[in-house]
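Here the structure comes first, spelled out in structure tokens, and everything after it is commentary.
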Amino acid sequence: MFTFHHGFWTYFFTRRHPAVWQFVIGSMLPDYVYFIVLGLMVVQGHIGLGEIPGLTPAVFLSYLPFYPWAVQIDLIGHSVVVWGMAFGLSLLPSLRKAQPLVIGWGLHLFIDGITHAAYSNFFLYPLSMLTVQSPVSYWEPEYFGREFRTVNGALVTLAVLYLAYQWWKNKYRR
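Residues are numbered in the numbering used here as their position in the sequence shown, beginning at 1, plus a constant of 67.
As structure tokens, this is what we get:
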């Protein structure tokens, strides 16, 4: 799933929770490294600003070997092992306030697990390079990428309309 969709759906389902923004930030956490890489790609002249909207995940991923440090950060950020240690630490009283962020991160890993096919994550890193390939991909056509984008896009549209209606209703109720 695209990074902003992780954030949107997490916002939609946690919007009434006082720590909503921690959940949202955590749900996008493993992918923040990609924004840094994207910025470096522009600064270093690999791509132009105008090319960003049309940049497919496959083309973007083909640039990652130029940024081996980003690959390491990606592996760590998408590891259930690393996440599990962070979750365990968030159970400590002194780190309890970080729990929504860590839970959001876990939601990201779960959603990636069910929406990544050929480019699935190494979820047991650094213990293993095992990966589980989902039958569905959020972008690969051979793994129902078009269908997933259509359904997700329709649901995002409905959710945005619902949020707009709720905002409008609450604004004019007073």
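All C-beta atoms, glycine included, are put in the ideal place defined by N, C-alpha and C.
Query                                                                                                                                               : Result
Ser161 and Ala184: beta carbons closer than 8 Å?                                                                                                    : no
Following the continuous alpha helix (DSSP H) through Trp234, name the residue where it begins and the one where it ends.                           : Gly212 to Arg240
With burial defined as no fewer than 16 other Cβ atoms inside 10 Å of the residue's Cβ, what is the status of Thr319: buried or exposed?            : The chain is shown only over 68 to 241; residue 319 falls outside these bounds and no answer can be derived.
By a C-beta neighbour count over all protein chains shown, 10 Å radius and 16 as the cutoff for buried, is Asn237 buried or exposed?                : exposed
In whole angstroms, give me the CA-to-CA distance for Gly242 and Ile114.                                                                            : The requested residue 242 does not occur in the structure, where the chain is confined to residues 68 to 241.
Just tell me which of Tyr134, Leu191, Gly220 and Ala125 has its CA closest to the CA of Val150.                                                     : According to the sequence shown, residue 150 is Trp rather than Val. Of the listed residues, the one whose Cα sits closest to Trp150 is Leu191.
Are the beta-carbon atoms belonging to Ala86 and Pro167 less than 8 Å from one another?                                                             : yes
Assign Pro202 to one of three DSSP states: helix, strand, or coil.                                                                                  : coil
Can you tell which of Gly155, Ile92, Met108 and Met152 has the C-alpha that lies nearest to the C-alpha of Tyr134?                                  : Met108
Kindly indicate which residue of Tyr239, Ala137, Trp235 and Gln89 has the alpha-carbon position closest to the one of Arg163.                       : Gln89
Helix, strand or coil: how does DSSP classify Pro167 here?                                                                                          : helix
Using DSSP with H/G/I as helix, E/B as strand and the rest coil, what is Phe190?                                                                    : coil
Compute the beta-carbon to beta-carbon distance between Gly74 and Val91, rounded to the nearest angstrom, for a pair I have assumed lies under 8 Å. : 5 Å
Answer yes or no: do Gly123 and Met95 have a C-beta to C-beta separation smaller than 8 Å?                                                          : According to the sequence displayed, residue 123 carries Thr and not Gly. Result no, Cβ atoms of Thr123 and Met95 do not sit closer than 8 Å.
Do you know how far the Cα of Thr217 is from the Cα of Ala165?                                                                                      : 34 Å
Mark Leu197 as exposed unless 16 or more other C-beta atoms lie within 10 angstroms of its C-beta, in which case mark it buried.                    : exposed
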